[in-house]
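S.K.:
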Amino acid sequence: MNRLVLGYDAVGTSFVERLADRSESLVVLVDDDDRAESLRDGGIDARRVDVGNVEDIRTVAGDIDSIIVAPDDPADLRTAVRTARSAYPSAFLMVCLGDRATGSDRSAVATAADRVVDLPAEASRAFLDRAGEAGIRPRKLREALERIDGRLAILAHDNPDPDAIASAVGLRCLASEFGIDAEACYYGDISHQENRALVNLFEFDLRELSPEADLSEFDAFALVDHSRPGVNDGLPEETPIDIVIDHHPPREPVHAGFVDLRSSAGATCTLIVGYLRHFGIDTSKALASGLLYGIRTDTDNFCRGVSIADFEAAAEIIGSVDSDRLRQVESPSISSDTLETVGNAVSNRTIHEDVLTTCVGPISDRDTLSQAADRLLDMEGVTTTLVFGYTDDTVFISARARGSERDLGETLRDAFNQIGGAGGHADMAGAQIPVGILTEGTDTDDRCDVITDVITDRFFEALGITPQYAPFMYTDGDDGFS
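Going letter by letter, the sequence shown gives residues 704 to 1185 in this note's numbering.
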């Protein structure tokens, strides 16, 4: 059956998700872009239209057998009912009246509707409870876990950050509740001192996989904090994936047995907390601490890309957190590699308008780049930083922004996806590029200059800035920091 939902405030997202599960085709039409995007993030086909425009609705929705009209505002309700009936005279029309609807509203829509359903506050809450407190995702995740016959590998992305680490550990905890033998894994290194402190102080059991690891010991695979095999992890691209839980918007379609992609959330840990809460699973102090730290770091202490769900998840687990150990995680000793990288970044910096770029040269620890990019944002007049360094094989790039309308994730993808891989958020992004693409035929002594020219030229071109190439000069005692 092909169904149309016109407005959904009176019934809520949970009902729409359940309806989608039961329909051959479901289209939800709303009058707000943000609402449409939120529903699409949950896997619902949602579009923004003028609910009073008959032709627009016909064009977007196509053939429809039944319609549910459910805006909360009475004025919108009456308009939507008239439009729905005009657009589809023969379709079954059910009208849901929310808390704000009056007796006159009921009378006005009753003649056009095949059925009118009253949903006052108490009845609505009970109805949504039966439909599923948090929608159908938990049930589908449980079904995906129960289909696994054998051992599950839960993959964080390469060189995992706190959000990926805690999400992997949290999903393993959830899987064990359903009798699944699961292991939290990652490729690369946990080299950032705070990330190492998180793993060591809370004794998180994570397995580092080498590029030559025999994956045949695993019967199923789950990805957390990223969504595609072979992209930011060491899995072969053709690896079949059973579960994906991520909060990053995907660049390409994601294929898995179960997919939860919610870019409205500030952290993947937020989604994991929701599942643990739904299934009534108590979190240990270590796991609660890791999940909270993952939310805090990915939202920059609730200042970047944060949602109501992130605050609710933090409030859910904060009572179980080991605050003393978290303070130790946040104040680890700074490695000599980090100090050297920050020093090189400051010395080699160039500034154009409010954008700072710097090449730190050869590196042994790629995580030092992100720390340098963060630190250089404290410089007066700087709102965007791009810090890069290289090994024998790869150029690593880390970018940060503050108080800028630039979208660094999109900028780095535009600049570097044709020669490497890039991605991230509006104010925090990164990229990796094979050294050979940039330096083929170049003398070793000229490598740094060639890499710097290519990286900065592409970055500024993507930003739409034409730099005047003169290095930023400063005198002794003036380091430029505010």
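Glycine included, each C-beta is placed from N, C-alpha and C at the ideal position.
Report all residues from its chain with a CB closer than 6 angstroms to the CB of Ala829; omit the five preceding and five following residues, and keep chain order.
M.R.: With a pLDDT of only 45 at Ala829, under 50, the local geometry of the prediction cannot be trusted, and the value read off the model is given with reservation. Within the same chain, Ala829 has no close Cβ partners at all.
S.K.: So, is Glu1033 buried or exposed, given that buried needs 16 or more other C-beta atoms within 10 angstroms?
M.R.: Glu1033 comes out exposed.
S.K.: With a threshold of 8 angstroms on Cβ separation, who are the neighbours of Val820 within its own chain once the five nearest residues in sequence on each side are excluded?
M.R.: Hits under 8 angstroms: Met797, Val798, Cys799, Leu800.
S.K.: Could you tell me how far apart the beta carbons of Val1045 and Ala1016 are, in whole angstroms, since I believe they sit closer than 8 angstroms?
M.R.: Contact flag wrong, Cβ pair sits at about 33 angstroms.
S.K.: Below 8 angstroms CB to CB, which residues in the same chain sit around Val757 once its five sequence neighbours on both sides are set aside?
M.R.: Excluding residues within five positions, the ones whose Cβ falls inside 8 angstroms are Thr786, Ser789, Ala790.
S.K.: Quick check on Pro865: does DSSP put it in helix, strand or coil?
M.R.: Helix.
S.K.: What beta strand (DSSP E) runs, 3 residues minimum, are completely inside the stretch 735–766?
M.R.: Fully enclosed beta strand (DSSP E) runs of 3 or longer: 749–751.
S.K.: Measuring only the C-alpha atoms, how far is Leu990 from Asp949?
M.R.: Each residue's Cα considered, the two are about 18 angstroms apart.
S.K.: Once you ignore the five residues that flank Asp1070 on each side, which residues in its own chain have a CB closer than 6 angstroms to its CB?
M.R.: The residues are Ser894, His895.
S.K.: Would you say Ala773 and Asp712 are within 8 angstroms of each other, going by their C-beta atoms?
M.R.: Cβ atoms of Ala773 and Asp712: closer than 8 angstroms.
S.K.: Taking all protein chains shown into account, do 16 or more other C-beta atoms lie within 10 angstroms of the C-beta of Phe982, making it buried, or fewer, making it exposed?
M.R.: Label assigned to Phe982: exposed.
S.K.: Residues bridged to Thr1097 by DSSP?
M.R.: Bridge partners of Thr1097: Pro1137.
S.K.: Can you tell me the Cα-Cα spacing of Val1153 and Glu1043, whole angstroms?
M.R.: Computed Cα separation, rounded: 22 angstroms.
S.K.: Across the stretch 1007–1024 and the stretch 958–975, are there enough close Cβ pairs to call them in contact, namely three or more that are closer than 8 angstroms?
M.R.: Yes, the stretch 1007–1024 touches the stretch 958–975.
S.K.: What residues match up with Leu912 in a beta bridge as DSSP calls it?
M.R.: Looking at the DSSP assignment, Leu912 forms a beta bridge with Tyr890.
S.K.: Can you name, in chain order, every residue of its own chain whose Cβ lies under 7 angstroms from the Cβ of Ala794, other than the five neighbours on each side?
M.R.: These residues qualify, in order along the chain: Ile767, Asp768, Ser769, Ile770.
S.K.: Hey, could you find the ends of the beta strand (DSSP E) Pro932 is sitting in?
M.R.: Element bounds for Pro932: n/a, residue is neither H nor E.
S.K.: Give me the Cα-Cα distance between Val784 and Val731, rounded to the nearest whole angstrom.
M.R.: Taking the straight line from one Cα to the other gives about 15 angstroms.
S.K.: Quick one: Cα of Ser827 to Cα of Ser810, how far?
M.R.: A caution first: Ser827 carries a pLDDT of 46, below 50, which makes its placement in the model unreliable, though a value can still be read off. Cα to Cα, the separation comes out at about 20 angstroms.
S.K.: With DSSP collapsed to three states, give me the class of Ala1132.
M.R.: In the structure shown, Ala1132 sits in a strand (DSSP, three-state: E or B).
S.K.: Mapping the DSSP letters down to three states, classify Ala804 as helix, strand or coil.
M.R.: Note: Ala804 maps to coil in three-state DSSP.
S.K.: With C-beta atoms as the reference, is Leu979 less than 8 angstroms away from Gly873?
M.R.: Closer than 8 angstroms, so yes.
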